[in-house]
Amino acid sequence: MRAKDTLKQAGKRKQLVKVLIDKGIKDKKVLEAINSIPRHLFMDSSFEDHAYQDKAFPIGADQTISQPYTVAFQSELMEVKSGDKVLEIGTGSGYQTAVLCELGTKVYSIERQKELFKKAKLFLPKIGYRPKQLIFGDGYKGLAEFAPYKAIIVTAGAPYVPKPLLSQLAIGGRLVIPVGENAQIMTLFIRKSETQFEKHEFGEFRFVPLLEDKN
Ligand code: SAH
Numbered sequence: 010m011r012a013k014d015t016l017k018q019a020g021k022r023k024q025l026v027k028v029l030i031d032k033g034i035k036d037k038k039v040l041e042a043i044n045s046i047p048r049h050l051f052m053d054s055s056f057e058d059h060a061y062q063d064k065a066f067p068i069g070a071d072q073t074i075s076q077p078y079t080v081a082f083q084s085e086l087m088e089v090k091s092g093d094k095v096l097e098i099g100t101g102s103g104y105q106t107a108v109l110c111e112l113g114t115k116v117y118s119i120e121r122q123k124e125l126f127k128k129a130k131l132f133l134p135k136i137g138y139r140p141k142q143l144i145f146g147d148g149y150k151g152l153a154e155f156a157p158y159k160a161i162i163v164t165a166g167a168p169y170v171p172k173p174l175l176s177q178l179a180i181g182g183r184l185v186i187p188v189g190e191n192a193q194i195m196t197l198f199i200r201k202s203e204t205q206f207e208k209h210e211f212g213e214f215r216f217v218p219l220l221e222d223k224n
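Under our numbering, the first residue of the sequence shown carries the number 10, and numbering increases by one thereafter.
Structure representation (structure tokens):
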């Protein structure tokens, strides 16, 4: 069950999906997910009119809801199927979490900003999304308790690749992580064996930083 939605919003969302197809997104399930999630509800009401533009917007606590193209690009790289266990670092508004729920995955998601964590925890079930767990904590550590994951997505710019995220991947699992300080290179690691990882690099993206608690 999704939240109430107007025809106008649904129409704008269809347009957004067309934009994403034009930009090269191919995965039908990802496009369908974006077509069915009321992105305007994940944003401050003052931005509601812009919710279906392919842009990032502020969500409070100095953070942003990612650009739809970025969400689609990362989701496509994860190559998940229904029932897969996945980990997200950076719950933020919960929009990417909702996409992963729409894809039928069992989602664990970590957020380090208390305010955003609380908001997502209340809001997602309200509009029918039930991630397995939303956790308030530090994504650099991953979430060993529920590992291994078929896919891990990092939705903030990581200055380096945190080791725990690689070690919490299942064999054959995929880590999608933007790596870099000012701008980030979208990077995919595929775990080939206990010790071997294949690395692929994609284009440049811009994310808010993955923050490290140095204490
Ligand atoms: N997936 C989100 C993107 C939010 S922006 C969305 O669709 O809205 C990135 C998020 O990562 C922010 O909410 C930020 O607080 C969070 N973040 C930054 N560093 C983190 C860390 N070390 N652990 C967990 N979350 C982190």
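Positions of the beta carbon are idealized from the N, C-alpha and C atoms, including for glycine.
- Residue 126 and residue 155 do not touch by the CB rule: their CB atoms are close to 17 angstroms apart, not below 8 angstroms.
- Non-local C-beta neighbours of residue 74 in its own chain, meaning closer than 7 angstroms and more than five positions away in sequence, comprise 51, 52, 65, 66, 68, 101, 102 and 104, ordered along the chain.
- In the DSSP annotation of this structure, residue 159 is not part of any alpha helix (DSSP H); the continuous beta strand (DSSP E) holding it starts and ends at 158-163.
- Under the DSSP assignment, residue 118 falls in the beta strand (DSSP E) whose first and last residues are 115-120.
- Judged by DSSP secondary structure, residue 23 falls outside any beta strand (DSSP E) and instead within the alpha helix (DSSP H) spanning 16-31.
- DSSP places residue 112 outside any beta strand (DSSP E), giving it a letter other than H or E.
- Remark: the C-beta of residue 72 is in contact range of ligand 1, defined as less than 6 angstroms to any heavy atom.
- The C-alpha of residue 177 is placed about 12 angstroms away from the C-alpha of residue 97.
- Burial state of residue 213 is exposed, judged by a 10 Å Cβ sphere holding fewer than 16 other Cβ atoms.
- Rounded to whole angstroms, the separation of the alpha carbons of residue 121 and residue 221 is 10 angstroms.
- Excluding sequence positions up to five before and after residue 85, its CB lies within less than 8 angstroms of the CB of 34, 35, 36 and 39, all in the same chain and listed in chain order.
- The alpha-carbon separation between residue 59 and residue 159 amounts to approximately 34 angstroms.
- For residue 68, the enclosing beta strand (DSSP E) stretches over residues 66-69.
- Contact between residue 46 and residue 129 is absent: CB atoms are separated by about 14 angstroms, not below the 8 angstroms threshold.
- Look at the beta carbons and you see the region 199-216 touching the region 169-189: at least three pairs across the two are nearer than 8 angstroms.
- Boundaries around residue 80 are those of the alpha helix (DSSP H), 77-87, since no beta strand (DSSP E) includes it.
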